[in-house]
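The structure appears right after this line, and notes come after that.
This is the structure:
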């Protein structure tokens with residue numbers, strides 16, 4: 089064990105907590121930062137962090153800290169975040185030079201999906217090896233409560249489903265309320281919880297922007313088998329998930345899907361879509377239900393295109409996808425009604441997945457050791473991974489036969505990217 093370090097992290101509401109240690113032998117110093125996206129949405133990928141000469145390094149998330157001479161950075165899908173910038177423009181080029189420089193010691197993708205996005209983003213960069221040499225995959229971590237399965241003695245006579253997501257359309261809220269509607273039509277005992285601030289359209293990259301598009305789905309919140317909770321604190325969300333048969337994340341685009349991790353940590357399997365990072369931890373019929381969607385080359389949802397979101401064809405495509413997913417979901421869910429013997433193994437595997445892949449203890453140990461290695465590196469030396477130590481998270485859940493060991497071992501210690 090090395091000396092105790094001071095590691096600066098962004099003082100945001102909660103996102104940084106998924107990529108940094110929940111408990112550390114080092115001092116994690118939460119620092120204010122300047123969100124340049126408030127100045128211009130084109131600058132969401134950079135920031136200035138509050139200066140502090142006493143810190144040993146910065147662990148950044150998504151935003152590149154321009155004023156840090158030694159940092160590592162975790163990211164969700166694309167790095168730099170330059171969605172509104174010209175790919176080879178002056179600002180985008182500078183942002184890439186910053187993560188290619190010796191100042192940036194490690195680049196941590198939250199998933200293998202994010203890794204694919206990153207390498208695809210920089211495929212035309214002549215010095216892509218400078219980026220690839222320090223690229224790691226490390227799944228996010230969460231606090232897994234020491235609780236038993238609250239639904240262990242439930243007979244599943246009526247299924248309870250819980251959707252959680254601020255972005256109602258993108259995350260699958262439309263699918264969730266359509267499931268409720270179809271359940272009424274078919275006289276199926278299915279109840280749906282909706283936890284959402286109902287943000288739709290506009291800046292949300294998957295959503296149709298046709299006027300009134302989401303109104304029919306919002307209206308379904310008034311169905312007798314739907315309960316809209318609005319926005320809830322995390323402890324209340326966890327309680328709802330704990331007492332549900334399935335969490336719902338029928339998403340059209342999710343860089344990871346933290347609500348799915350929280351659901352599984354409460355023993356609750358997830359009904360999700362086979363998109364982005366979800367297939368890395370959701371296995372159809374094993375720890376949840378995974379519905380197919382059309383994908384692009386990196387594994388993101390295929391759509392007619394961001395620039396066409398206001399077109400009638402885009403709206404119809406989205407509408408048809410919602411209808412298809414809800415229909416397939418109803419068919420898959422019906423099998424579990426009144427069948428606790430079928431629900432039990434799903435719930436066991438959901439919890440095991442959370443313990444094996446996302447437990448905060450092993451993640452903290454890995455990151456603490458990484459901080460020590462980075463702190464000892466000289467900034468003028470090229471940043472390169474240590475294959476024996478900088479191992480990536482596995483691309484899928486390890487076999488069940490090793491379940492008894494997963495709580496105390498770092499996931500993926502033998503699996504490099």
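In our numbering, the protein residues as written are 89 to 505. Using N, Cα and C, we set each Cβ at its ideal position, and we do this for glycine too. All values derive from a computational prediction rather than experimental measurement.
With 16 as the cutoff for other CB atoms within 10 Å, does residue i come out buried or exposed?
i           : result
residue 121 : buried
residue 128 : exposed
residue 310 : exposed
residue 390 : exposed
residue 470 : exposed
residue 175 : exposed
residue 554 : A query on residue 554 cannot be resolved here, the shown segment of the chain reaching from 89 to 505 and no further.
residue 133 : buried
residue 96  : buried
residue 183 : buried
residue 171 : exposed
residue 394 : exposed
residue 401 : exposed
residue 438 : buried
residue 440 : buried
residue 212 : exposed
residue 363 : buried
residue 162 : buried
residue 367 : buried
Report the residue from the options whose alpha carbon sits nearest the alpha carbon of residue i.
i           : options            : result
residue 432 : 238, 396, 381      : 238
residue 68  : 377, 387, 251      : The structure shown does not extend to residue 68, since the chain is modelled only from 89 to 505, so the question has no answer here.
residue 277 : 348, 267, 389, 452 : 267
residue 154 : 247, 398, 124, 228 : 124
residue 351 : 338, 325, 204      : 325
residue 173 : 198, 131, 207      : 131
residue 141 : 150, 99, 158       : 158
residue 315 : 269, 480, 360      : 269
residue 435 : 363, 377, 192, 184 : 377
residue 168 : 160, 187, 177      : 187
residue 417 : 367, 291, 247, 457 : 247
residue 147 : 105, 181, 177, 126 : 105
residue 208 : 384, 290, 480, 405 : 384
residue 321 : 289, 285, 300, 294 : 285
residue 426 : 236, 464, 241      : 241
residue 382 : 399, 152, 373, 410 : 410
residue 281 : 290, 379, 136, 308 : 308
residue 474 : 462, 273, 405, 483 : 462
In terms of DSSP beta bridges, what is residue i paired with?
i           : result
residue 287 : 255
residue 279 : 248
residue 372 : 376
residue 447 : 230
residue 98  : 119
residue 162 : 149, 196
residue 389 : 383
residue 315 : 281
residue 454 : In DSSP, residue 454 forms no bridge with anything.
residue 124 : Paired residue(s): none; residue 124 is not in a bridge.
residue 135 : 123, 153
residue 337 : 360
Quick check: residue i and residue j, are their CB atoms within less than 7 angstroms of each other?
i           : j           : result
residue 94  : residue 117 : yes
residue 445 : residue 344 : no
residue 467 : residue 403 : no
residue 279 : residue 313 : yes
residue 228 : residue 455 : no
residue 210 : residue 459 : no
residue 149 : residue 179 : no
residue 244 : residue 428 : yes
residue 412 : residue 296 : no
residue 317 : residue 283 : yes
residue 336 : residue 264 : yes
residue 365 : residue 199 : yes
residue 144 : residue 119 : no
residue 328 : residue 250 : yes
residue 226 : residue 481 : yes
residue 349 : residue 361 : no
Would the segment 352-359 and the segment 327-336 be scored as touching if the rule is three or more Cβ pairs under 8 angstroms?
yes
Check whether the segment 248-262 and the segment 222-234 are in contact - that is, three or more C-beta pairs closer than 8 angstroms.
no
Determine, using beta-carbon pairs with one atom in the segment 240-258 and one in the segment 203-221, whether at least three such pairs fall under 8 angstroms.
no
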